[in-house]
Every structure is written in C-alpha cells, then in structure tokens.
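Number of protein chains: 2
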Amino acid sequence: MSLLVIGSLALDTIETPHGKREYTLGGSATFISVSASYFTKDIRLVGVVGYDFPQSEIEFFNSRNIDTSGLEILKDKKTFHWHGVYHKDMNTRDSITTELNAFETFNPEITDKFRSSDYVCLGNVDPIIQKRVIKQLKNPELVMIDTMNFWIEGKPAEVKETLSLVDVIMINDSEARLISGEYNLIYSAKKIMELGPKILIIKKGEHGALLFTENTTFTVPAYPLEKVYDPTGAGDSFAGGFMGWIDKTKDISDSNLKTAMVYGSVMASLAVQEFSLEGIKNLENTTIKKRFEDFRYLTNF
Amino acid sequence: MSLLVIGSLALDTIETPHGKREYTLGGSATFISVSASYFTKDIRLVGVVGYDFPQSEIEFFNSRNIDTSGLEILKDKKTFHWHGVYHKDMNTRDSITTELNAFETFNPEITDKFRSSDYVCLGNVDPIIQKRVIKQLKNPELVMIDTMNFWIEGKPAEVKETLSLVDVIMINDSEARLISGEYNLIYSAKKIMELGPKILIIKKGEHGALLFTENTTFTVPAYPLEKVYDPTGAGDSFAGGFMGWIDKTKDISDSNLKTAMVYGSVMASLAVQEFSLEGIKNLENTTIKKRFEDFRYLTNF
C-alpha cells in the first residue's frame, strides 16, 4: 500500500460570500494527500514550495503520515499564490492573482523509493511534466491524472499522448466535452476512453460525478448541503478519497470503484462545508463513515 | 385505485437535431396519463380538444384503460397546437407557435365520479384553475401539481395559495429558485415546503431529480443516454410514472416515494429516447422492469 501524490502546493487567498482566508494552505497535492490520509498510511508527496512556506504545515503533513521527503523548498522563491473570489452562485469565480513563483519551474525528479509506489495520483499540471513523471514510474498498479481546459486547449496533442499512458482520468463535464468535441457526456466518455484510460471520472460540481469503465456506468450525486462555504479543493478532495480508498483496498473491480466514487464524494462534501482545507484537516473517522451512510440513504432504493 | 389526470392535450410540431414530427399527440395530460397507464388501471383524463383531434387518439387512450369521458371536444375550435424547435444541446428550445385554441378557456367541471378519485395529478395550468379543480375534489389521498415560471412570475400570490392546498409539487430547479428566491436548492426546498406541500420533487433535466420530504432527501440521476431524441414530455412522463406507482401501491412512505421517483425517471428516460409520445406509446412491462434494474446498477453501491 503506497500512494504517490504529485501536484501543486499553494498559499491561497480565498473569498466567498461566506468569508475570507488569506495565505492559507492549498494546492492540488495538498487536498489530494490530506484527503487520502484518512484511508491509507503510506502517502508520498512530491511538490515544490518557496522560502515562505510555513514549517508548521510540513509538520501537519507529517502528522497525517504524509511523507514530505519529496517536497522541494526553493530558497530564492515564494510559494505558489492564488487569490480567488467566488461569485454568489459559488459555481463561478474570478482569479485576482495567480503567482506561480516556485511552482513555475516544477518538473520533479522522483526518488527511487517513490518510483515504486503502487498507486499514483498526478494533479493538474502541464501534460509534458505529467508524461515525464509517468516515464519515471516502475510498474504502478494504477495511475490517475487530472487536467484542465488550459492544457486541453493549449496542448491538445500532449494531453492526448499523456492520456494514452494512464489508467484513470478525472475531469469535469466541460473538459470532457472539450477533449471529445461532443456535447453528450455518454458519447464523450466513449471517445475519451478510446484515447487510453480504462476508467473515466467526470465531475459535475453540484450535480455530482459519473464513473465510466468498460462495462459500468455509475452516478453519484453531490451531497445536498444547505451552505457551501468554499468549493476550492472539492475535486482534489474527491481524487484523494477515491485513490486513498483504492490504495487501501487494492481492488479495482467495478463494484469497488463505485465505493471509491462515494468516498471521493464524501470527502468533497466535507471539504466544501468549510473554508479551504479546514473541512478535511482534522476529521474523525466516524464523520466519514456517517457521511458515507448518508450517501447510501440518499441514493439507494 | 384511481388516478385523476387534468391538463393539456395538444397536437405538437416538434423539431430536434434528430428529426421532425408534425401535429403529433402531445400535452401534459397525455404524457402523464399514458405513462401512468403502465402502473395502474383506473385512470381518468380531464381535458379539452378541438374538432381536429383525431378519433384514433381517443381510441388509443381507451386502449390504455384511460377513461376519456372527461374529455371535452369543442366543435368550433382547433386543438392546442405548439411548434417547438430544440437547439443542438437539447436543453434549450424556441417556441415557434403557441396556439392555445380550445385550451384557452379550459376551466373544467369535474364529474361526480371523478371528484372521488384517490390520487390526482394536475398538470401545469393557471394556478386559479388548479385551485378551482382542487376545491371540487372529495378527500383525495394525494394531490400533485406541476407549475412553471410563467405562473410563478405572473401570478405569484395565486401560485402560493394553490401550493397551500396540495401534497406534492413537482417543479424544475430554476422554478424552485424563482419561488423561494434562493439559489441553493436545499434551502429553496425548505422554504417551498413551508408554503404547504409535504413532498417536493425538483427536476434537473439531464442531472436527474431530487425528492424532499420532512425526513428524507433522495436523488435520482437521469438515465445516461447516448442519444436524446426529443425531451418533450419528459417531466410529464416522470409525473405519470411517479403517480402511477403511488396509485398502484397506495403507499407514501419515504421508502416507497423513492421507488416512485425511480419509476418516474424510468418513464422519462424511455420517453426521451424517441420522438414525442412514441417512446412510451407501446411499451412492454419487461422494458420498464429492465430499465428500473439498470437504475439500481447505476446508483446503488
């Protein structure tokens, strides 16, 4: 059981109709690894930060059994900083500032130990870097990537090449339409899976998520919440719950992938209930179990 | 077991990216009653048509055990005619023609036999007429209404008064937001149920539907279809499946309401697979059973 997580670490400033946080811990690798840490123990983090990254956050990762030996600290740069403002509907946002800083030249060399990880979760970065990371891996059981419209539009050939190398791709509905050139999501899914991935997860925000495998289509709703405090990190929390469960169970049967989808949704729903990472920073296992059972009541008949 | 269905009957001209049908049987009461006819036997139809309404369609209703004695035929008017053109995404459409004709003065007098129906499904008509119909009923077990933004914006006080008289309201997400003045659907649901209905169904089109009761929230996805031929009548087919199942089982426990939601979704999914009423005009019970089990595989974990 080992899960390698590669992606961004950031200090975010986030404003939503419900409040504001400044320079708070964020980034895809942060949400993925912390979310996964509730399911599995041997999590390896690969990322880069600057001189301003608080030592207390590194200690926090370690307290959650996240190995930070792959975390590079650049002495002459600041940490990736994003400042976002969410609109009233919480589905749209403006990016006020995106300072890549230390993350600008991110192109990690994976250590020997980490190259032999069983499961790998590659956050949304340049598809060329994703490919370079994948080439360094030694027979992983399953590799999942995330990507975004910025890369799909800017480097379509590279995205497709990376897709041919991975087992799972997780994207949102508009990204699925962009990759496939099809409006209908079911038809989109078929076309995307022809590019390589045998497992496709389409996130639909407040409308939940879809799982596609060769023989299965599965839907899971977003948990109905009266108040969403901050959607930041929802998708990455989903990815962490999903891959954490898979690493724990070592089972990629369709039936267990369904369960992983629900744990992903559980973690996303807990994340958006609070600001930034606060919703999943210090969870009791009973809270996760309870939310999982709530999902069963919400969907099963 | 008896289900009273009140609403529009129309001859529709429908264009979608997949084809066209001219002057084909449509209207809310049509879809509701035909959909319900796969679940229960004693269905009573109340509506109005013009001199051009084909006798063969009346015979079709009767062949499905739908009592058409409450169908008024106006000798000097044509039948309600709607001509709609769906856009490529199938979620938006333009109304080319809306000729109310016979339906313009619809204000039905319910016969004594029909007033004692057990279950009542009132399609989307003027809330004043809905109220007048409800006042004629004799102790129904459950009354469901549909409404739309046209009435919510045009006659808000009348819609609210009608809401205070019914058990179930079925609306779409934008209508729920309009009635409640709230963006968040969970909070919207709470506010709408404070107006009277103890059961609320929110339809979300391709994203499925939500059920709210005092103690239960339940979600059902739309069935993932590679091709949607014609969304016309999806919501009414849903209502027919839902109320047909309730009339058959006489059980409004939360658990059975969930099952009714799934049968509603089954009928909606079968309806949109073909043009206008064609998808549910001549179904085998095994097709419905099979789709119901497909929903279980799609959602249960």
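Protein chains in written order, with the working numbering: chain F, 16 to 316; chain Y, 16 to 316. We treat Cβ as the ideally placed atom computed from N, Cα and C, and that holds for glycine. Quick caveat: nothing in here was measured; it's all calculated off a predicted structure.
Measure the Cβ-Cβ separation of F:Tyr-38 and F:Leu-26 and say whether it is below 7 Å.
-> Working through the first sequence from its first residue, we reach residue 38 of chain F at position 23. Working through the first sequence from its first residue, we reach residue 26 of chain F at position 11. Yes, Cβ-Cβ distance for F:Tyr-38 and F:Leu-26 is below 7 Å.
What does DSSP give as the partner residues of Y:Phe-233 in its beta bridges?
-> Here residue 233 of chain Y refers to the residue found at position 218 of the second sequence. Partner residues in the beta bridge of Y:Phe-233, as assigned by DSSP, are Y:Leu-226.
Can you give, in chain order, each stretch of the alpha helix (DSSP H) that sits fully within the stretch 122-161 of chain F and has at least 4 residues?
-> 127-130, 142-151, all fully within the stretch 122-161 of chain F.
Does any CB atom of chain Y fall closer than 7 Å to the CB of F:Val-64?
-> Taking the first sequence and counting its residues from 1, one reaches residue 64 of chain F at position 49. Residue contact check for F:Val-64 against chain Y: no CB pair falls below 7 Å.
Under 7 Å Cβ-Cβ, which residues of chain F neighbour Y:Thr-232?
-> For the purposes of this step, residue 232 of chain Y is taken as residue 217 along the second sequence, with counting starting at 1. Here the neighbours are Pro-239, Leu-313.
Spatial neighbours of F:Arg-79 within its chain, please: CB distance less than 7 Å, with the 5 preceding and 5 following residues excluded, ordered by chain position.
-> As a first step, residue 79 of chain F is located in the first sequence; it is residue number 64 there, counting from the start. Closer than 7 Å at Cβ, skipping near neighbours: Val-49, Ser-52.
Within-7 Å CB hit, F:His-102 to chain Y = The count along the first sequence starts at 1 and reaches residue 102 of chain F at position 87. No, F:His-102 lies away from the interface with chain Y (no Cβ there is under 7 Å from its Cβ).
Is there at least one Cβ from chain F nearer than 7 Å to Y:Phe-253's Cβ?
-> For the purposes of this step, residue 253 of chain Y is taken as residue 238 along the second sequence, with counting starting at 1. Between Y:Phe-253 and chain F, the shortest Cβ-Cβ separation is not below 7 Å.
Beta-carbon neighbours of F:Pro-236, restricted to chain Y and to distances below 8 Å | Counting from 1 along the first sequence, the entry for residue 236 of chain F is found at position 221. Under the 8 Å cutoff, chain Y gives Gly-223, Thr-234, Pro-236.
Where Y:Val-243 falls: helix, strand or coil (DSSP) = As a working mapping, residue 243 of chain Y is identified with position 228 in the second sequence. Reduced to three states, the DSSP call for Y:Val-243 is coil.
Taking Y:Phe-316 as the query, report the chain F residues whose CB atoms sit under 9 Å from its CB, ordered along the chain.
-> Taking the first residue of the second sequence as position 1, residue 316 of chain Y is located at position 301. What Y:Phe-316 touches in chain F: Phe-233, Val-235, Ser-270, Lys-273, Thr-274, Met-276, Val-277, Phe-310, Arg-311, Thr-314, Asn-315.
CB contact below 7 Å: F:Ile-111 versus chain Y = To locate residue 111 of chain F, count along the first sequence from 1; it is residue 96. Not closer than 7 Å to any Cβ of chain Y, the Cβ of F:Ile-111 fails to qualify, so no.
Label Y:Tyr-134 either buried or exposed according to how many other C-beta atoms from any shown protein chain fall within 10 Å of its C-beta, with 16 as the threshold for buried.
-> For the purposes of this step, residue 134 of chain Y is taken as residue 119 along the second sequence, with counting starting at 1. Its Cβ being crowded by 16 or more others within 10 Å, Y:Tyr-134 is buried.
Using alpha carbons as the reference points, say which of Y:Leu-210, Y:Lys-205, Y:Tyr-244, Y:Lys-242 lies closest to Y:Leu-225.
-> Within the second sequence, residue 225 of chain Y is the residue found at index 210, counting from 1. Answer by Cα proximity: Y:Lys-205.
Please confirm if Y:Tyr-244 has its CB atom under 7 Å from at least one CB of chain F.
-> By one-based count along the second sequence, residue 244 of chain Y stands at place 229. Y:Tyr-244 does not count as touching chain F.
6 Å Cβ shell around F:Leu-292 - same chain, five flanking residues per side excluded = Along the first sequence, read from residue 1 onward, the residue named residue 292 of chain F stands at position 277. Same-chain partners within the cutoff: Leu-40.
Looking at Y:Val-158 and Y:Val-181, is the spacing between their C-beta atoms short of 7 Å?
-> Residue mapping note: residue 181 of chain Y aligns to position 166 of the second sequence, counting from 1. Residue mapping note: residue 158 of chain Y aligns to position 143 of the second sequence, counting from 1. Yes. Within cutoff.
Give a yes or no on whether 7 Å exceeds the smallest Cβ distance from F:Ile-201 to chain Y.
-> For the purposes of this step, residue 201 of chain F is identified with residue 186 of the first sequence, where counting begins at 1. At a cut-off of 7 Å between beta-carbon atoms, F:Ile-201 makes contact with chain Y.
Name, in chain order, the residues that DSSP records as bridge partners for F:Gly-85.
-> Position 70 of the first sequence holds residue 85 of chain F. F:Gly-85 is bridged by DSSP to F:Val-61.
Which chain F residues are close to Y:Lys-219, counting only those with a beta carbon under 9 Å from its beta carbon?
-> If you number the second sequence from 1, residue 219 of chain Y lands on position 204. Under the 9 Å cutoff, chain F gives His-222.
Give me the Cα-Cα distance between F:Glu-241 and Y:Ile-201, rounded to the nearest whole angstrom.
-> Counted from its first residue, the first sequence places residue 241 of chain F at position 226. Counted from its first residue, the second sequence places residue 201 of chain Y at position 186. When rounded, the separation of the alpha-carbon atoms in F:Glu-241 and Y:Ile-201 is 5 Å.
Y:Val-183 beta carbon less than 7 Å from that of Y:Ile-214 = Residue 214 of chain Y sits at position 199 when you count from the first residue of the second sequence. Residue 183 of chain Y sits at position 168 when you count from the first residue of the second sequence. For Y:Ile-214 and Y:Val-183, yes; Cβs fall inside 7 Å.
Can you have a look at F:Thr-45 and say buried or exposed, based on whether 16 or more other CB atoms are within 10 angstroms of its CB?
-> By 1-based counting over the first sequence, the position of residue 45 of chain F is 30. It is buried - the Cβ of F:Thr-45 has at least 16 other Cβ atoms within 10 Å.
If you count every other CB in all the chains shown that lies within 10 Å of the CB of Y:Asn-154, and 16 or more means buried, which is it?
-> Translated into the one-based positions of the second sequence, residue 154 of chain Y becomes position 139. Y:Asn-154 should be labelled exposed.
Please say whether F:Lys-146 and F:Thr-177 have beta carbons closer to each other than 7 Å?
-> One-based indexing of the first sequence puts residue 177 of chain F at position 162. One-based indexing of the first sequence puts residue 146 of chain F at position 131. Going by C-beta atoms, F:Thr-177 is nearer than 7 Å to F:Lys-146.
Report the residue from Y:Thr-162, Y:Gly-22, Y:Ser-110 whose alpha carbon sits nearest the alpha carbon of Y:Ile-194.
-> Against the second sequence, residue 194 of chain Y aligns to sequence position 179. Closest by alpha carbon: Y:Thr-162.
Assign F:Thr-94 to one of three DSSP states: helix, strand, or coil.
-> As a first step, residue 94 of chain F is located in the first sequence; it is residue number 79 there, counting from the start. The answer is coil: DSSP assigns F:Thr-94 none of H, G, I, E or B.
Check whether the Cβ atoms of Y:Glu-197 and Y:Ser-203 sit closer than 7 Å, and answer yes or no.
-> Residue numbering aside, residue 197 of chain Y sits at position 182 when the second sequence is read from its first letter. Residue numbering aside, residue 203 of chain Y sits at position 188 when the second sequence is read from its first letter. The Cβ atoms of Y:Glu-197 and Y:Ser-203 sit closer than 7 Å to each other.
Per-residue burial, Y:Ala-172 [other beta carbons within 10 Å of its own, 16 or more giving buried] = Residue mapping note: residue 172 of chain Y aligns to position 157 of the second sequence, counting from 1. It is exposed - the Cβ of Y:Ala-172 has fewer than 16 other Cβ atoms within 10 Å.
Terminal residues of the continuous beta strand (DSSP E) containing F:Lys-35?
-> Locating residue 35 of chain F in the first sequence gives position 20, where the first residue counts as 1. 34-41 is the span of the beta strand (DSSP E), which, as asked, contains F:Lys-35.
Which one of Y:Trp-97, Y:Ser-268, Y:Asn-297 has the shortest CA to CA distance from Y:Phe-75?
-> Position 60 of the second sequence, counting from 1, holds the residue named residue 75 of chain Y. Looking only at Y:Trp-97, Y:Ser-268, Y:Asn-297, the smallest Cα-Cα distance to Y:Phe-75 is reached by Y:Asn-297.
Closer than 6 Å by C-beta to Y:Val-61: which residues in its own chain qualify, once you throw out the five before and the five after it? Chain order, please.
-> Translated into positions along the second sequence, residue 61 of chain Y becomes position 46. If we look at Y:Val-61 and ignore the five residues flanking it on each side, its Cβ neighbours are Ile-21, Gly-85, Pro-123.
Helix, strand or coil: how does DSSP classify F:Ser-50 here?
-> Here residue 50 of chain F refers to the residue found at position 35 of the first sequence. Of the three classes helix, strand and coil, the one that applies to F:Ser-50 here is helix, per DSSP.
Name the residues in the stretch 178-201 of chain F whose C-beta lies less than 8 Å from a C-beta of chain Y; which are they?
-> Result list: Tyr-198, Asn-199, Leu-200, Ile-201.
Can you say whether F:Asn-230 is buried or exposed, counting buried as having 16 or more other CB atoms within 10 angstroms of its CB?
-> For this step, residue 230 of chain F is matched to residue 215 along the first sequence. Burial call: exposed.
Those residues which DSSP pairs with Y:Asn-187 across a bridge = As a working mapping, residue 187 of chain Y is identified with position 172 in the second sequence. Answer is Y:Lys-218.
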